[in-house]
Every structure is written in C-alpha cells, then in structure tokens.
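Have a look at the structure below, then the notes.
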C-alpha cells in the first residue's frame with residue numbers, strides 16, 4: 001500500500017484537504033489517512049467538521065505527506081508537536097507536499113530551505129523568510145517537494161503526484177472520473193486577472209489575518225536562525 005497522510009487541524013480550509021483526498025482516495029493501492037494529534041473531531045474555518053483517522057503517535061511512515069493551509073496554520077507555526085511530526089515524517093517520505101499556506105508550515109519546520117515552492121498568492125512572498133524560493137505557479141515540484149497554490153490547486157497537485165506514483169494513465173483516469181474539467185464562470189481566480197476593485201476588496205478583508213500570518217512567519221524564521 002502507498003501510505004498517504006493529510007494533516008487535519010482546527011480552522012484549516014477544508015478544500016485544501018478534501019480536494020487532494022478525493023484524488024488520492026481513488027488511486028489504486030493507496031491508504032489515505034487524516035492525521036492529527038488526537039481523535040476528536042476538528043472544525044474547519046467555515047464550519048465543516050471532520051474526524052481524524054489516526055493520531056500523530058499512531059501514524060505509519062508515510063510515502064506522501066500533504067499539509068493543507070488555512071487560518072489555523074498560523075497557530076501551528078510555533079507548535080513544536082506538529083512541527084516535530086512533520087520533520088519525522090518528512091525524513092522517510094517519498095514526497096513532502098502542501099496546498100495553499102501549508103507550505104508555510106513546511107517552511108516553519110525547516111523543510112523548504114533551498115527549495116522552490118509556491119503558496120496562496122497573498123502569502124507567497126513569505127516563503128522567502130523561511131529559506132524557500134517563491135514561485136508564482138499553480139504547482140511547483142522541486143526534487144521530492146511538491147507545493148500547490150491556493151485552495152483549488154490541491155486537486156492539480158494530487159493529480160501530479162498520482163502521475164509520479166502510479167503513472168499518467170491512472171492520473172488521467174482519476175481526472176476523468178471526477179470530471180475535473182475546469183471552466184470557471186469568471187476570470188477572477190488570480191490577482192493577475194481579477195478586476196482591481198475585486199482585488200482591493202479581498203486585500204482589505206484579509207489584511208488583519210495576513211498581518212498575523214506574517215508575524216508568525218517572522219517568528220518561525222527567527223527560530224530557524
């Protein structure tokens with residue numbers, strides 16, 4: 001079995017996790033785990049509740065470690081129990097991956113130093129503080145590190161990893177089975193294409209959270225030395 005684990009934590013953005021989960025769970029020979037400190041249900045940032053399937057202590061060595069993002073990531077940037085778990089698993093994993101601001105958690109654990117990586121567009125520049133090279137691409141693969149941009153990019157990331165693990169034909173079969181054929185109703189999915197007024201609205205709405213995230217990233221960078 002290919003052991004795949006996705007970090008489940010309070011106030012994550014659920015699609016960061018459920019998008020890749022849907023893809024990985026359809027891969028032949030995959031065992032997919034939702035991993036957290038304990039077995040109690042976890043509430044995501046928009047109210048959806050999910051239940052871990054394995055604890056840090058009970059988690060097998062993973063072939064693929066995948067870390068989602070979301071506002072709850074900020075609280076974990078200095079959480080030694082979580083960061084130590086990521087380091088232990090990364091040491092034996094074939095792939096260390098993330099979606100959205102999950103890459104900042106990998107960075108806080110010292111797992112992206114010297115690697116090219118991506119993140120949600122609003123926080124991508126913070127990767128440089130953690131020793132990574134920020135790249136404005138939807139999915140970035142650098143050696144055994146694979147990082148995805150914001151939220152919906154997790155599906156793209158997972159399909160790329162399935163192709164690496166099980167071949168392109170199986171990845172394409174999964175893409176077809178979930179009818180992943182994006183045709184967004186608006187061209188507003190990136191700051192390069194969004195109307196300036198919409199971009200400004202989003203920046204204003206997220207500014208307080210982004211400031212907290214930046215402060216946490218700076219502290220994490222100081223811990224890394």
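Residue numbers (our numbering): 1 to 225.
Built from N, CA and C at the ideal position, the CB exists for glycine as well.
In this text the structure is predicted, and so the values were computed from the model without any measurement.
Report the rounded CA-to-CA distance for residue 63 versus residue 1, giving the unit in angstroms. About 9 Å.
Exposed unless 16 or more other CB atoms sit within 10 angstroms - verdict on residue 92: So residue 92 ends up on the exposed side.
Between which two residues does the beta strand (DSSP E) carrying residue 30 extend? Start and end: 30 to 36.
Unbroken beta strand (DSSP E) runs of length 3 or more, entirely within the region 157 to 214: which are they? Counting only runs of 3 or more residues that sit fully inside the region 157 to 214, no beta strand (DSSP E) segment turns up.
For the 8 Å Cβ check, are there 3 or more pairs between the region 96 to 108 and the region 67 to 75? Contact check between the region 96 to 108 and the region 67 to 75: three or more CB pairs, one atom from each, fall below 8 Å, which counts as touching.
Use the C-beta contact count for residue 68: other C-beta atoms within 10 angstroms, 16 or more gives buried, fewer gives exposed. Label assigned to residue 68: buried.
For residue 124, count neighbouring Cβ atoms within 10 angstroms of its own Cβ and tell me buried if that reaches 16, exposed if not. Counting other Cβ atoms within 10 Å of its Cβ, residue 124 reaches 16 or more and is therefore classed as buried.
Whole runs of the alpha helix (DSSP H) within the region 3 to 84, excluding any shorter than 4 residues: The qualifying runs are 14 to 24, 73 to 76.
Between the region 115 to 134 and the region 25 to 42, do three or more beta carbon pairs fall short of 8 Å? Three or more beta-carbon pairs separated by less than 8 Å are not found between the region 115 to 134 and the region 25 to 42, which leaves the two stretches without contact.
Is residue 142 helix, strand or coil when you go by DSSP? Residue 142 falls in the strand class under three-state DSSP.
Length of the line joining the Cα atoms of residue 131 and residue 21: When rounded, the distance between both Cα atoms is 28 Å.
How many Å lie between residue 19 and residue 37 at the Cα? Pairing residue 19 with residue 37, the inter-Cα distance amounts to about 22 Å.
In whole angstroms, what separates the C-alpha of residue 188 from that of residue 201? Between residue 188 and residue 201, the C-alpha separation is close to 13 Å.
Does residue 132 come out as helix, strand or coil in the three-state DSSP assignment? Three-state result, residue 132: coil.
Does residue 248 come out as helix, strand or coil in the three-state DSSP assignment? Nothing can be reported for residue 248, as the shown portion of the chain is limited to 1 through 225.
Nearest-angstrom Cα separation, counted from residue 15 out to residue 47: Here the C-alpha atom of residue 47 lies approximately 12 Å from the C-alpha atom of residue 15.
Can you tell me whether residue 101 is helix, strand or coil according to DSSP? Three-state DSSP puts residue 101 in coil, outside helix and strand.
Measure the C-alpha to C-alpha separation of residue 10 and residue 49 and round it to an integer number of angstroms. Each residue's Cα considered, the two are about 9 Å apart.
Between residue 161 and residue 173, is the Cβ-Cβ spacing less than 8 Å? It is not a contact, given that the beta carbons lie outside the stated cut-off.
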